[in-house]
Amino acid sequence: MSWRLWVPLFVFALFLGLAAYQLTQPKDEFVASGMVGEELPYFNLPPAMEGGEGVTNATFADGQPRLLNIWASWCLPCIAEAPHLESLERQGVEIVGVAIRDRPEDIARFLAQHGNPYSRIGRDDLSEVQLAIGSSGVPETFVIDGEGVIRYQHIGDVRASDVPVLLAELEQAR
Amino acid sequence: MIAELGLAALWLAAALAALQMAVGFMAVRNERASELAGLIRPAAIVQGVLVALSFAMLVWLFAVTDLSVKLVASNSHSMKPLVFKLSGTWGNHEGSMLLWVTVMGLAGALIALVERRLPERTMNATLAAQGVVSLGFYAFLLLSSNPFERLPTPAAEGMGLNPLLQDIGLAFHPPTLYLGYVGLSVAFSFAVGALLTRQVTPDFARAMRPWVLGAWVMLTVGITAGSYWAYYELGWGGWWFWDPVENASLMPWLAATALLHSASVLASRDALRTWTIMLGVVAFSMSMVGTFLVRSGILTSVHAFAVDPERGTFILVLLGIFIGGALLLFALRANTISEGERFALASREGALVFNNVMLSAILAIVLLGTLYPLLTEAFDVRVSVGPPYFNPVGAIFVIPMLAVMAVGPLLRWRQDRVDRIGREIALFAALVLAALVLFGLLADIALLPLLGLAFGLGLAVASLLPLRRRKLGRTPLATWGMVIAHFGIAVALIGMASESAFTKERLAAVAEGDSATVGPWTIVLQGVEPVAGPNWTAIQGRLAASYDGDEPDILTPQSRNFWAPPQQTTESALVTRWNGQLYAVIGDRAPDGRWQVRLWWKPFVPLIWYGGLLVALGGVLALLGRLLSDLRHRRLAVRIAERRADREAIA
Chain A
1 MSWRLWVPLF VFALFLGLAA YQLTQPKDEF VASGMVGEEL PYFNLPPAME GGEGVTNATF
61 ADGQPRLLNI WASWCLPCIA EAPHLESLER QGVEIVGVAI RDRPEDIARF LAQHGNPYSR
121 IGRDDLSEVQ LAIGSSGVPE TFVIDGEGVI RYQHIGDVRA SDVPVLLAEL EQAR
Chain B
1001 MIAELGLAAL WLAAALAALQ MAVGFMAVRN ERASELAGLI RPAAIVQGVL VALSFAMLVW
1061 LFAVTDLSVK LVASNSHSMK PLVFKLSGTW GNHEGSMLLW VTVMGLAGAL IALVERRLPE
1121 RTMNATLAAQ GVVSLGFYAF LLLSSNPFER LPTPAAEGMG LNPLLQDIGL AFHPPTLYLG
1181 YVGLSVAFSF AVGALLTRQV TPDFARAMRP WVLGAWVMLT VGITAGSYWA YYELGWGGWW
1241 FWDPVENASL MPWLAATALL HSASVLASRD ALRTWTIMLG VVAFSMSMVG TFLVRSGILT
1301 SVHAFAVDPE RGTFILVLLG IFIGGALLLF ALRANTISEG ERFALASREG ALVFNNVMLS
1361 AILAIVLLGT LYPLLTEAFD VRVSVGPPYF NPVGAIFVIP MLAVMAVGPL LRWRQDRVDR
1421 IGREIALFAA LVLAALVLFG LLADIALLPL LGLAFGLGLA VASLLPLRRR KLGRTPLATW
1481 GMVIAHFGIA VALIGMASES AFTKERLAAV AEGDSATVGP WTIVLQGVEP VAGPNWTAIQ
1541 GRLAASYDGD EPDILTPQSR NFWAPPQQTT ESALVTRWNG QLYAVIGDRA PDGRWQVRLW
1601 WKPFVPLIWY GGLLVALGGV LALLGRLLSD LRHRRLAVRI AERRADREAI A
């Protein structure tokens, strides 16, 4: 009879051991887009500001890898990543912007204040492109290869430590 | 200043919990310390007041959006509606832990104020055990997650609240569940107190029962509301995902259901003593294990929030101390508790024991399924366990349980003959068989939903039988409670089975002005437009839905974008009719300009949640009935004592 009384404690000890082991294991918290490895879907965005060029999926299929940066003038982390995008641009990276639910005058003010690293910016008023490429928030940065295939996704603002990572991914996508 | 006062109140409350624990254990071990024992009740009461004050101050800080407090700055935003500022208090890790310990403190104060049935020693042991549990949570708050921490410089603006949580349903869902968990922590303290003093008596069960009932009602309401929230807010059209977070609240509910029934047997028949104690320990353990799984980020979940391995470690240590300690105590002491009254297998007790075993088996299955991915991950295999495991394996135990639930309440206590209720059993069996044949022939339904419909209908009728040949006005509230709760289970079951059997789904790409059909509905997409809310923008579809050619209802499903923090949510749109719900979600725009629209016609799906509410209502009635009869007994006891005093005075 009495050994049975120890069974719950034994089972619990097993659980405790397993949980303790799992806690010490590193965790991968990255929520990747299901579109990584896929070709960009069709889209055609109007230019974000007068005189600029719009963005279509064809923009990306000319043999040269690029960054696709999802941002908005109303997004605070986008201010934080602005200098790092500029440093990428100075190193010869072409960055295509997609402004989410934004107004031309706000976009112009943001770029005047925080610099303009973009070769062109499209306006995505209904978050179509954002939804289509599996981005869940602003900002996000995608590496697109010369065939227009999504090769890498960076979630959140680009920090100084992310710049070499993005450069390496671009090199790989070449 | 308010933040510092709140922190000070928290430290003081923690000190009182320590006092409660130390003096309580001394008083249990050593009769001579009994003059100190007078401190225990006041300590518990003052502790409750202090921690409630501390919580009130945190609510205040959120109400005024004091951005110099780190917790407020990282979870609130000055532009949020007030109700979400307030609910933001517990919409995060620190705040929800403070809410937990607040409810525990108030529960302890209430026990200290009103509980008079327990022998003084058991009472002291119970409050000491409560002190241990509270102290663990105080340590957690004060050492690793201080909710009142200030920022070196106040933030310019807050980060906002997870938009998924900005929903009135979810604002009140966690506190409801917490009340349930905490009620179970009180049951746990009672169990540990009784183990310490070896006094497992019907009085003990009667003292514990209202706490278990209250906790169980709260868990029922919390799970029901949570399920409905997930159903309309997440936009995937389902109502239960077997997600670890959902299981985290289901497991304590299963254990509490078993505990409730077993405590009733102990209270009225003085049987099942060790079993009740064991369930008291297990029920709270399930709350803690659930909290650990959710908070540590050890399991991947669609709800993953407050993920932090360091906090996970802290909760794991607490788990080890509380549950490990209680189970150790159980292993050492349970032998010395005698089994109590004996009963025949064919009796009300027998049926209750059978269902307790079934509930425990279901609990084990859910626990195993929840932990299985954890086990395989240790061997680098990533799996997810879902409905294909839980539904059929659970059904193996649910079905016999439903059968015994239908006829068990008709059996007499202690000893009965099954053939005495032969007619009722035959009625139930006939109903189930008839439904099986009818639905099996008429519709093309899978086995599980078919069984669910048949047993649900059978149970719905059978659960009302205990009211037969009774004067309804004079039937005790507790009996009404049982009948309504069992009936609610049947209603929910019918809803679940019908949702699974008859749902029609349609994924259509429609241009503006075009229509799509699902089941008896015709839906026309009238247009798509951008709309803006207080802290979000959205695209909103305008759908005109008509049932069988009736006058159309207008649905406006949205895909919302929040900007603080940036996140996208799906707002589904629903039309509820007496016979089901139409559920619509708007998706992406296709290259050719058509919009993706997901439509579901779900016959009788609201029964799931009506059933849940009926179950909770049954619990409320039972609780009221118990409290009223306790009150009557107490008055009676006072009157008897007065009369005896009179007689002695005359003599």
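So the protein sequences, as listed, match chains A and B. Counting along the first sequence from 1, when you hit position 158 you're at 158 in the numbering used here, and nothing is skipped either side. If you want the numbering used here, it's the position in the second sequence, counting the first as 1, plus 1000. Backbone N, C-alpha and C fix where the C-beta goes; we use that ideal spot for every residue, glycine too. It should be emphasised that the depicted structure is a prediction, and the values quoted were computed from it without experimental measurement.
Out of the options, point me to the one whose CA is closest to residue i's CA.
| i | options | result |
| --- | --- | --- |
| residue 175 of chain A | A:41, A:8, A:105 and A:73 | Since the first residue shown for chain A is 1 and the last is 174, residue 175 of chain A is missing from the structure and cannot be characterised. |
| residue 61 of chain A | A:25, A:109 and A:43 | A:43 |
| residue 133 of chain A | A:116, A:151 and A:6 | A:151 |
| residue 1619 of chain B | B:1060, B:1477 and B:1205 | B:1477 |
| residue 99 of chain A | A:120, A:81, A:91 and A:155 | A:120 |
| residue 1185 of chain B | B:1111, B:1155 and B:1153 | B:1111 |
| residue 1547 of chain B | B:1282, B:1524 and B:1529 | B:1524 |
| residue 9 of chain A | B:1328, B:1064 and B:1604 | B:1328 |
| residue 1393 of chain B | B:1369, B:1120 and B:1005 | B:1369 |
| residue 1319 of chain B | B:1542, B:1290 and B:1603 | B:1290 |
| residue 115 of chain A | A:90, A:128 and A:102 | A:90 |
| residue 1540 of chain B | A:125, A:138, A:108 and A:80 | A:125 |
| residue 1391 of chain B | B:1366, B:1003 and B:1079 | B:1366 |
| residue 1252 of chain B | B:1261, B:1243, B:1282 and B:1082 | B:1282 |
| residue 65 of chain A | A:164, A:149 and A:165 | A:149 |
| residue 38 of chain A | A:102, A:18, A:137 and A:144 | A:144 |
| residue 1389 of chain B | B:1100, B:1242 and B:1348 | B:1242 |
| residue 1190 of chain B | B:1147, B:1122 and B:1180 | B:1122 |
| residue 1427 of chain B | B:1451, B:1629 and B:1457 | B:1457 |
| residue 73 of chain A | A:85, A:45 and A:109 | A:109 |
| residue 1311 of chain B | B:1404, B:1364 and B:1141 | B:1141 |
| residue 1015 of chain B | B:1040, B:1441, B:1080 and B:1135 | B:1135 |
| residue 1154 of chain B | B:1086, B:1360 and B:1074 | B:1074 |
| residue 1145 of chain B | B:1633, B:1413, B:1313 and B:1598 | B:1313 |
Since residue i and residue j are thought to touch, with beta carbons under 8 angstroms apart, how far apart are those beta carbons, to the nearest angstrom?
| i | j | result |
| --- | --- | --- |
| residue 36 of chain A | residue 59 of chain A | About 19 angstroms; that fails the 8 angstroms criterion. |
| residue 1259 of chain B | residue 1346 of chain B | In fact, because the Cβ distance is near 24 angstroms, the residues do not count as touching under 8 angstroms. |
| residue 1615 of chain B | residue 1445 of chain B | Not really, about 25 angstroms apart at Cβ, beyond 8 angstroms. |
| residue 1611 of chain B | residue 1491 of chain B | 4 angstroms |
| residue 47 of chain A | residue 57 of chain A | Wrong, their Cβ atoms sit about 16 angstroms apart, outside the cutoff. |
| residue 1171 of chain B | residue 1268 of chain B | About 39 angstroms separates the two Cβ atoms, so there is no contact after all. |
| residue 1361 of chain B | residue 1280 of chain B | With 8 angstroms as the limit, residue 1361 of chain B and residue 1280 of chain B do not qualify as a contact, their Cβ atoms being about 19 angstroms apart. |
Next on the checklist: Under 7 angstroms, CB to CB, which of the residues in the stretch 92 to 111 of chain A have a partner in chain C?
Outcome noted: No chain C appears in the structure shown, which is made up of the protein chains A and B.
Checklist entry - What are the uninterrupted segments assigned as beta strand (DSSP E) that are 3 or more residues long and contained completely in the stretch 1182 to 1246 of chain B, given in chain order? => result none
Next on the checklist: So within the stretch 1319 to 1394 of chain B, which uninterrupted alpha helix (DSSP H) runs reach at least 4 residues, ignoring any that extend past its ends?
Outcome noted: 1325 to 1333 and 1348 to 1377
Item to check | Contained beta strand (DSSP E) runs [length at least 3] in the stretch 39 to 123 of chain A, N- to C-terminal order | outcome: 66 to 71 and 95 to 100
Item to check | Touch test, the stretch 1247 to 1254 of chain B against the stretch 1185 to 1201 of chain B, Cβ-Cβ under 8 angstroms, three pairs minimum | outcome: no
Next on the checklist: Three Cβ pairs or more, each shorter than 8 angstroms: is that satisfied between the stretch 1479 to 1486 of chain B and the stretch 1503 to 1514 of chain B?
Outcome noted: no
Checklist entry - Do the stretch 1067 to 1077 of chain B and the stretch 1123 to 1131 of chain B make contact, defined as three or more Cβ pairs closer than 8 angstroms? => result no
Item to check | the stretch 1324 to 1342 of chain B in contact with the stretch 1268 to 1282 of chain B per 3-pair CB rule at 8 angstroms | outcome: yes
Item to check | Contacting positions in the stretch 1574 to 1599 of chain B - beta carbon closer than 7 angstroms to chain A | outcome: 1588, 1589 and 1591
Checklist entry - Of the residues that make up the stretch 1330 to 1349 of chain B, which ones have a beta carbon closer than 7 angstroms to any beta carbon in chain A? => result 1330, 1331, 1334 and 1335
Item to check | Complete alpha helix (DSSP H) runs within the stretch 1035 to 1073 of chain B (minimum length 4 residues, chain order) | outcome: 1040 to 1063
Checklist entry - Using a beta-carbon distance cut-off of less than 9 angstroms, what residues from the stretch 62 to 78 of chain A approach chain B? => result 72, 74, 75, 76 and 77
Next on the checklist: Just to confirm the assignment: which complete alpha helix (DSSP H) runs, minimum length 4, are found wholly within the stretch 1253 to 1318 of chain B?
Outcome noted: 1273 to 1296
Checklist entry - If you measure beta-carbon to beta-carbon, which residues of the stretch 1266 to 1287 of chain B are closer than 9 angstroms to chain A? => result 1274, 1278, 1281, 1282 and 1285
Checklist entry - Counting pairs of beta carbons, one from the stretch 1052 to 1059 of chain B and one from the stretch 1021 to 1028 of chain B, are three or more of them closer than 8 angstroms? => result no
Next on the checklist: Would you call the stretch 1581 to 1589 of chain B in contact with the stretch 1549 to 1562 of chain B, where contact means no fewer than 3 C-beta pairs closer than 8 angstroms?
Outcome noted: yes
Checklist entry - Would you call the stretch 1096 to 1116 of chain B and the stretch 1041 to 1048 of chain B touching, i.e. three or more CB-CB distances under 8 angstroms? => result yes
Next on the checklist: Using a Cβ-Cβ cutoff of 9 angstroms, what residues of the stretch 1365 to 1380 of chain B are near chain A? List them in chain order.
Outcome noted: 1367, 1371, 1374, 1375, 1377 and 1378
Next on the checklist: What are the residues in the stretch 149 to 161 of chain A lying within 9 angstroms of chain B by C-beta distance?
Outcome noted: none
Item to check | Short-range partners of chain B found in the stretch 110 to 127 of chain A, where Cβ spacing is below 8 angstroms | outcome: 125, 126 and 127
Checklist entry - Got a sec: which bits of the stretch 1517 to 1548 of chain B sit with their beta carbon under 9 angstroms from any beta carbon on chain A, in order along the chain? => result 1528, 1530, 1537 and 1539
Next on the checklist: Assess contact between the stretch 1217 to 1234 of chain B and the stretch 1171 to 1181 of chain B, defined as three or more Cβ pairs (one per stretch) separated by less than 8 angstroms. Is contact present?
Outcome noted: yes
Checklist entry - Just by C-beta distance, which residues in the stretch 12 to 25 of chain A are closer than 9 angstroms to chain B? => result 12, 13, 15, 16, 18, 19, 20, 21, 22, 23, 24 and 25
Checklist entry - Which full runs of the alpha helix (DSSP H) of 4+ residues lie inside the stretch 1511 to 1548 of chain B, going along the chain? => result none
Next on the checklist: Can you pull out the residues from the stretch 1216 to 1249 of chain B whose beta carbon lies closer than 7 angstroms to at least one beta carbon of chain A?
Outcome noted: none
Checklist entry - Quick one: complete beta strand (DSSP E) runs, 3+ long, within the stretch 1472 to 1510 of chain B? => result 1504 to 1510
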